[in-house]
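In what follows, a structure is listed as structure tokens, so that the remarks can point back to it.
Protein chains in written order, with this note's numbering: chain A, 1 to 250; chain B, 1001 to 1285.
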């Protein structure tokens, strides 16, 4: 028996619905009067790689956290895989910025990655053999097998970032929300992440990635949403992308 | 007197046997919870929760209830208030703790002064493990088993929300709920610790052995084992000091724990110093 976390119900995705659809989002941080996001629209079809681009404080992380269900918008609608916000949370995995993790906490890389399975286990249950195999596989894919038993605080920045991505993979979700996975990492990590993301897209997964550097990724993005001060903006010299993902997509 | 009888003599008295048993149970529970308290940087909460138990104990004394239950209720109310106040992040947690800490302790002092009898309740302030009755021990034992059981069952959630609360929240596990459970567990442990070390000193039982263990290892399992071991070692040593030198038992235990921490810190730092020196020598030659 599984005792799921939270009071959310688990629903199946609706066939043919886009991976993500957000309309007219307005989001505030507690205690602040200025909105962190205002009138943001986003539509991402399945199996696409989309970037959220903007300077620090533009609202990229806030948008990802809102999509991940961490922040409740005061206005607007979100649907993931055709379901209302919260109904498909087990199908969405989220990679936080590295600074949000307490790397000083004494656990191994293996334990950190296995946290990706916890959403499927719920209260009290411990990972079983199948979970452990998935964890091993993801660690291998991110080329971290030698570091499996190492304490997370002893990993380099790039290794920590890859461990977080491995944790996203073991959740076996349909949508991946990645907050700056390539921020301040070595070139080996960039190559590995590029390859892993390519595989994910090939397998029909949808990836949204916050970045302030579109050039860093080999994989061409299918679409880009530019943000500035919480609003969608059109950059003056933007290269055209295959699909519209912002307001024009509606 | 030979060494063996020096070691055994104190425990020929039934009150010392009772104290030893209580100490083992208290140190086991505090050692385990203490590791989470220091890893989550909640040492201040442990201190605050022990002080906020005071009005509960005094109120229970006035009403003729079990003092333990009074302290427990006050500690639990404070835990819930702290998590409720700091929930929306407008008031930071340490601010909420600071307010609850001083407010509740002041209420306890006010009640005590109204009683005009500091003497009756001095064991609440400073603890008296040598005066534990069998009924009190039974209660401490049952509560400790429950606390350890809950911590064991929730170990996955406790670790997860400590390492990455944001990730846990996106997966439907509210880190605030887990924190509230942890705060309640700490409140319970602090209330049983008060029997041994009193309101003023009790946070040391929770924090110092775990902090000593943290000086030595950075692996969770070893931390838990060492934290419990240091707690028991310091506690038993403290009992000897109390027995032979006539120190107040609570103060003796806390002082011994502090000394052990200091000693381990010095040994470790001297080791690091000489290690560096040797390395420097090796690289020069």
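For every residue, glycine included, the Cβ atom is placed at its ideal position computed from N, Cα and C. Owing to the predicted nature of the structure, the values given are computational and were not obtained by experimental measurement.
Between residue i and residue j, what straight-line distance do the alpha-carbon atoms span, to the nearest angstrom?
{"i": "residue 1032(B)", "j": "residue 15(A)", "result": "49 Å"}
{"i": "residue 206(A)", "j": "residue 1072(B)", "result": "50 Å"}
{"i": "residue 186(A)", "j": "residue 1166(B)", "result": "25 Å"}
{"i": "residue 1221(B)", "j": "residue 58(A)", "result": "42 Å"}
{"i": "residue 1020(B)", "j": "residue 1091(B)", "result": "42 Å"}
{"i": "residue 1219(B)", "j": "residue 125(A)", "result": "22 Å"}
{"i": "residue 1109(B)", "j": "residue 1131(B)", "result": "23 Å"}
{"i": "residue 60(A)", "j": "residue 89(A)", "result": "19 Å"}
{"i": "residue 130(A)", "j": "residue 117(A)", "result": "10 Å"}
{"i": "residue 1016(B)", "j": "residue 1103(B)", "result": "36 Å"}
{"i": "residue 1060(B)", "j": "residue 1229(B)", "result": "34 Å"}
{"i": "residue 1101(B)", "j": "residue 1202(B)", "result": "14 Å"}
{"i": "residue 1013(B)", "j": "residue 1134(B)", "result": "14 Å"}
{"i": "residue 1062(B)", "j": "residue 1023(B)", "result": "28 Å"}
{"i": "residue 1107(B)", "j": "residue 1038(B)", "result": "28 Å"}
{"i": "residue 1112(B)", "j": "residue 1138(B)", "result": "28 Å"}
{"i": "residue 30(A)", "j": "residue 1114(B)", "result": "42 Å"}
{"i": "residue 1260(B)", "j": "residue 147(A)", "result": "34 Å"}
{"i": "residue 1176(B)", "j": "residue 1087(B)", "result": "7 Å"}
{"i": "residue 1263(B)", "j": "residue 1270(B)", "result": "10 Å"}
{"i": "residue 101(A)", "j": "residue 179(A)", "result": "13 Å"}
{"i": "residue 165(A)", "j": "residue 223(A)", "result": "21 Å"}
{"i": "residue 1267(B)", "j": "residue 1273(B)", "result": "10 Å"}
{"i": "residue 1223(B)", "j": "residue 35(A)", "result": "44 Å"}
Does the separation of the CB atoms of residue i and residue j fall below 9 Å?
{"i": "residue 112(A)", "j": "residue 163(A)", "result": "yes"}
{"i": "residue 1184(B)", "j": "residue 1197(B)", "result": "no"}
{"i": "residue 1144(B)", "j": "residue 1028(B)", "result": "yes"}
{"i": "residue 1075(B)", "j": "residue 1163(B)", "result": "no"}
{"i": "residue 40(A)", "j": "residue 232(A)", "result": "yes"}
{"i": "residue 1036(B)", "j": "residue 1158(B)", "result": "yes"}
{"i": "residue 18(A)", "j": "residue 76(A)", "result": "no"}
{"i": "residue 1054(B)", "j": "residue 1105(B)", "result": "yes"}
{"i": "residue 150(A)", "j": "residue 197(A)", "result": "no"}
{"i": "residue 1253(B)", "j": "residue 1082(B)", "result": "no"}
{"i": "residue 1057(B)", "j": "residue 1194(B)", "result": "yes"}
{"i": "residue 68(A)", "j": "residue 94(A)", "result": "yes"}
{"i": "residue 1049(B)", "j": "residue 1207(B)", "result": "no"}
{"i": "residue 175(A)", "j": "residue 80(A)", "result": "yes"}
{"i": "residue 1140(B)", "j": "residue 1026(B)", "result": "yes"}
{"i": "residue 22(A)", "j": "residue 42(A)", "result": "yes"}
{"i": "residue 1256(B)", "j": "residue 1235(B)", "result": "yes"}
{"i": "residue 92(A)", "j": "residue 114(A)", "result": "no"}
{"i": "residue 1210(B)", "j": "residue 1227(B)", "result": "yes"}
{"i": "residue 54(A)", "j": "residue 1172(B)", "result": "no"}
Would you mind telling me which residues of chain B sit closer than 7 Å to residue i, beta carbon to beta carbon, in chain order?
{"i": "residue 69(A)", "result": "1170"}
{"i": "residue 101(A)", "result": "1163, 1164"}
{"i": "residue 42(A)", "result": "The premise fails here: residue 42(A) is roughly 17 Å from chain B at the closest Cβ pair, so nothing lies under 7 Å."}
{"i": "residue 107(A)", "result": "1159, 1163, 1220"}
{"i": "residue 126(A)", "result": "1156"}
{"i": "residue 119(A)", "result": "1171, 1172"}
Under 7 Å between beta-carbons, which chain C residues line up against residue i? List them in chain order, please.
{"i": "residue 28(A)", "result": "No chain C appears in the structure shown, which is made up of the protein chains A and B."}
Give me the chain A residues within the contact set of residue i, using Cβ-Cβ distance strictly less than 9 Å, ordered along the chain.
{"i": "residue 1084(B)", "result": "Residues of chain A passing the Cβ test: none, with the nearest at roughly 14 Å."}
{"i": "residue 1148(B)", "result": "Neighbours of residue 1148(B) on chain A: none; closest Cβ ~15 Å, over 9 Å."}
{"i": "residue 1039(B)", "result": "102, 104, 105, 106"}
Should residue i go down as buried or exposed, given a rule of 16 or more other Cβ atoms within 10 Å for buried?
{"i": "residue 1147(B)", "result": "buried"}
{"i": "residue 120(A)", "result": "buried"}
{"i": "residue 1251(B)", "result": "buried"}
{"i": "residue 1008(B)", "result": "exposed"}
{"i": "residue 160(A)", "result": "buried"}
{"i": "residue 1214(B)", "result": "buried"}
{"i": "residue 191(A)", "result": "exposed"}
{"i": "residue 235(A)", "result": "exposed"}
{"i": "residue 1265(B)", "result": "exposed"}
{"i": "residue 156(A)", "result": "exposed"}
{"i": "residue 1041(B)", "result": "exposed"}
Residues of chain B with a CB under 9 Å from the CB of residue i: which are they?
{"i": "residue 115(A)", "result": "1156, 1159, 1160, 1163, 1164, 1167, 1168, 1171"}
{"i": "residue 89(A)", "result": "1170, 1171, 1172"}
Quick one: list the residues of chain A neighbouring residue i, beta-carbon separation under 7 Å, in chain order.
{"i": "residue 1223(B)", "result": "106"}
Which residues in chain A sit within 8 Å of residue i, going by Cβ to Cβ distance?
{"i": "residue 1215(B)", "result": "By Cβ distance, chain A contributes nothing, its closest Cβ being about 13 Å from residue 1215(B), past 8 Å."}
{"i": "residue 1153(B)", "result": "124"}
What do you reckon, is the C-beta of residue i under 8 Å from a heavy atom of the ligand NAP?
{"i": "residue 1007(B)", "result": "Summarising the ligand content, the structure contains no ligands, and the ligand NAP is consequently not present."}
List the residues of chain B that residue i touches, going by C-beta distances under 8 Å, in chain order.
{"i": "residue 159(A)", "result": "Near residue 159(A) there are no residues of chain B at all, since even the closest Cβ is about 16 Å away, more than 8 Å."}
**Prompt:** What are the uninterrupted segments assigned as alpha helix (DSSP H) that are 4 or more residues long and contained completely in the segment 1061–1100 of chain B, given in chain order?
**Reply:** 1067–1085
**Message:** Please give the ranges of any alpha helix (DSSP H) in the segment 1231–1282 of chain B, keeping only runs that are unbroken, at least 4 residues long and fully inside the region.
**Reply:** none
**Item:** Length at least 3, wholly inside the segment 177–225 of chain A: the beta strand (DSSP E) runs in chain order
**Value:** 206–211
**Message:** Runs of 3 residues minimum, wholly inside the segment 9–41 of chain A: which ones carry the beta strand (DSSP E) assignment?
**Reply:** 20–27
**Request:** Mind listing, in chain order, the continuous alpha helix (DSSP H) runs of no fewer than 4 residues lying wholly within the segment 101–164 of chain A?
**Result:** 109–114, 118–121, 129–141
**Message:** My parser needs the beta strand (DSSP E) runs of 3 or more residues fully inside the segment 52–85 of chain A; what are they?
**Reply:** 75–80
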